[in-house]
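With this note's numbering applied, the sequence shown covers 3 to 304.
For reference, the structure is listed below as structure tokens.
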Amino acid sequence: MSAPEDAISPSQEYIDRLKDQLDAANRALKNANANWSKAKKEHGNALTWKGLLETQWKSIQLTHELANSLLIDLESMEAQARNVCSNVECMQYALILFIRELRDTVVKVEELAALMKNLMDRVACLTDPVLNPNESIMLHLTNLQKMIEESLVMLLDGIRASLKAIQAGNLLKLCICNDKDGDYGLIFNLVQIIDLLKTATRCGPSRQADIDESQTIGECTITLPDPDCRTEQKPYVLCEAGEDCESSEYWQETKQDYETACQLVKEKKCVVDHYNNCRELAQAQYDAISTALKAAQEAKAC
């Protein structure tokens, strides 16, 4: 008759079965960890995407506010110039103020461009096919970068063109001319410069230099922007000057993209939580089987 301890000694078959179960649990745990890591990475990408879209959405409003504020100031200045600037000295003063306003705006917009450039540098790692093989996100971020850069370039080109038109054109020759009676009169309307700014927000940089229409009044030649300026592709219009930015199609599309990104972040977070639960269950199962196998092997040794 066998000894009592032999009666409770686990069989080799039982131990082998536990080993098979432990191998299966180990594979399940590795798979759960891999799924969890992948989900965390996708959630991180979604968070970055959301942050990028939020920045772009806000930059659209900020850039629009800068440009629109400038246009409002210029329209007011133009009206004042026509009412009170009847002599050269006064007109020069008005133009100096005008140029100063343009310069300040260039600085503000260029600061915004610098911030966007810094953001795009950080986004560059997301568009790396090695670090992030998700082609759809890569494509979206690349297109997003192009839209932001082109929008800022268009706005800056318009402002710089206005500065160049005034500074390189000799203030008096461009804006004040000696009429037939020998009296100085205002013949260059600042509205033309305002129109140039408006055109710059609708036309690509390549068309900005395509200005071939001119109008001669007295001794002055006034260069006007091409009234039919169009881009081949859909222009990246931030917002039309003077309009409510929220009515802009581009603004609405960006807002929708941002809201979609917010929803994606929530969904990815749910996936992360789900796979974390799976990982914890797989770990618990692996630990339980491992403990049982260790106990069986020790009992068998006895």
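For each residue, glycine too, the CB sits at the ideal point set by N, CA and C.
Residue burial is scored here from C-beta neighbours: Ala48 has at least 16 other C-beta atoms within 10 angstroms and is therefore classed as buried. Ser39 and Ser11 have their C-alpha atoms roughly 41 Å apart. The Cβ atoms of Ala41 and Lys270 sit closer than 8 Å to each other. Trp51 and Leu283 have their C-alpha atoms spaced approximately 31 Å apart.
Here Leu266 is not near Leu20, since their CB atoms are 8 Å or more apart.
The DSSP-derived three-state label of Ser13 is coil.
Of all alpha-carbon atoms in Ala30, Asp259 and Ile17, the one lying nearest the alpha-carbon of Gln285 is that of Ala30. Distances from the alpha-carbon of Thr57 to those of Ala34, Asp22 and Thr256 put Thr256 closest. Between Gln287 and Ala27, the gap from beta carbon to beta carbon is short of 8 Å.
In this structure, the alpha-carbon of Trp59 lies about 8 Å from that of Tyr260.
When the five nearest sequence neighbours on each side are left out, the beta carbons in the same chain lying within less than 8 Å of the beta carbon of Ile291 are those of Leu20, Gln23, Leu24 and Ala27, in order along the chain. Here the alpha carbons of Asn278 and Lys268 stand approximately 15 Å from one another.
For the 8 Å CB-CB criterion, Ala34 and Cys280 form a contact. By the 16-neighbour rule on beta-carbons within 10 angstroms, His276 is exposed. Excluding residues up to 5 positions away in sequence, Val267, Lys270, Lys271, Val273 and Val274 lie with their Cβ nearer than 8 Å to the Cβ of His45 in the same chain. With a 10 Å radius around the Cβ and a threshold of 16 neighbouring Cβ atoms, Ala263 comes out buried.
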